[in-house]
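Report on the following structure.
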Amino acid sequence: MSAAVAVDLSCSGLAVASASASAVLSPAVAPTSVLAGADGTALPPGGDRIECSERVDTVALRYPDRCLSDPVAGAHRYRVEVAGLSVPVEELLAAPVSRALRWGGAGDGDGVVLIVPSDWGATRSARVASAAEALGVSPRIVRAALVTAEALPSSSARWAVCVEACDDRTTVSLVERTRGELTLIDRSIVHRWDPCRDSMRDDEVSRVLEAVTALRRGRREAGTGSTEVLARGRNAERVVDACDQARLLSFVVPDLAPVEVALRLHEGA
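With the first letter of the sequence shown counted as 1, position 244 gets the number 243 in numbering that gives the first Met the number 0; the numbers rise by one all the way through.
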């Protein structure tokens, strides 16, 4: 089944691509009951307790503590509390996916590519897939590093180190390109603040660079052969600056590039 829409849920954002257009949307969500109490207006009938829309974007600016700016971050839990309302995680995950499908015009039975963080395992991937299936589409799960490795037309190195910076952590992944295939070899997680260190000094970028070096050294061919670092998300430009100083070939990946690549790769799948 060909893919009608690709949705990127990684890097604490929500990027969408369809055959005709692509855009970055706000992923903020909020429960109906809280919105009604926040601005004095009720949402239209429909029964959904969670809404992800332009209206929520406006409310989130006025009442940031009543909304979630990164609803995907709690995917490892069974339920998440949003402004005092306990919500099943699948219901929470469905909100940004539903918004992306509305924007992209996907209908019942359409194929959808869902790009998830590269550090996700089977449990979180299954939850977001189940949430998408409940919305009437057929999801295909792809880890972000694999499409990031193909995001730049100039990319030709055999090895790509993909850096995904979310709000609270950065995932560093080593991807190998061989005969048109992409393989996720290894990955490392760098938290925004390292709880094992006494200092609250902002050393996140240096620790990301250490993870990049460790992944390359862990695979001898990657450490000595052609390798490029592809950074995206919150601190992408700082990572590229650090890589330049370390004499590593590196690039900032535009927000929309991975989702557009995912759609192209899976249009005929």
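For every residue, glycine included, the Cβ atom is placed at its ideal position computed from N, Cα and C. Since the structure is predicted, the reported quantities are computational estimates derived from the model, not experimental observations.
Per DSSP, residue 166 lies in no alpha helix (DSSP H) and is assigned neither H nor E. A Cβ-Cβ separation of about 21 Å leaves residue 142 out of contact with residue 100 under the 8 Å criterion. For the 8 Å CB-CB criterion, residue 34 and residue 95 do not form a contact.
One Cα belongs to residue 98, the other to residue 65, and the distance between them is close to 19 Å. Between residue 150 and residue 252, the gap from beta carbon to beta carbon is short of 8 Å.
Partner residues in a beta bridge of residue 239, as assigned by DSSP, do not exist. Rounded to whole angstroms, residue 131 and residue 93 show a C-alpha spacing of 6 Å. At a Cβ-Cβ threshold of 8 Å, residue 30 and residue 48 count as neighbours. Rounded to the nearest whole angstrom, the C-alpha separation of residue 232 and residue 115 is 14 Å. Look at residue 54 here: in three-state DSSP terms it is helix. Excluding sequence positions up to five before and after residue 259, its CB lies within less than 7 Å of the CB of 16, 21, all in the same chain and listed in chain order. In the DSSP assignment, residue 124 falls within the alpha helix (DSSP H) that extends over 121-133. Contact between residue 234 and residue 203 holds, with the beta-carbon distance rounding to 7 Å and staying under 8 Å. When rounded, the separation of the alpha-carbon atoms in residue 249 and residue 32 is 46 Å. Per DSSP, the unbroken beta strand (DSSP E) holding residue 190 starts and ends at 180-190. Judged by DSSP in its simplified three-state form, residue 252 adopts coil rather than helix or strand.
Within its own chain, the residues whose Cβ lies closer than 6 Å to the Cβ of residue 86, once the five positions on either side in sequence are excluded, are 79, listed in chain order.
Three or more Cβ pairs drawn from the stretch 169-186 and the stretch 212-224 lie within less than 8 Å of each other, which places the two stretches in contact. When the alpha-carbon of residue 139 is set against those of 121, 240, 153, 156, the nearest one is in 121. Contact annotation: residue 76 and residue 88 have beta-carbon atoms nearer than 8 Å. DSSP, reduced to helix, strand and coil, places residue 145 within a helical segment of the structure shown. It is roughly 39 Å from the alpha-carbon of residue 158 to the alpha-carbon of residue 53.
If you check the CB distance, residue 160 and residue 171 come in under 8 Å. Partner residues in the beta bridge of residue 80, as assigned by DSSP, are 85. Residue 24 is bridged by DSSP to 13. In terms of CA proximity to residue 228, 242 leads the group 109, 242, 112, 107.
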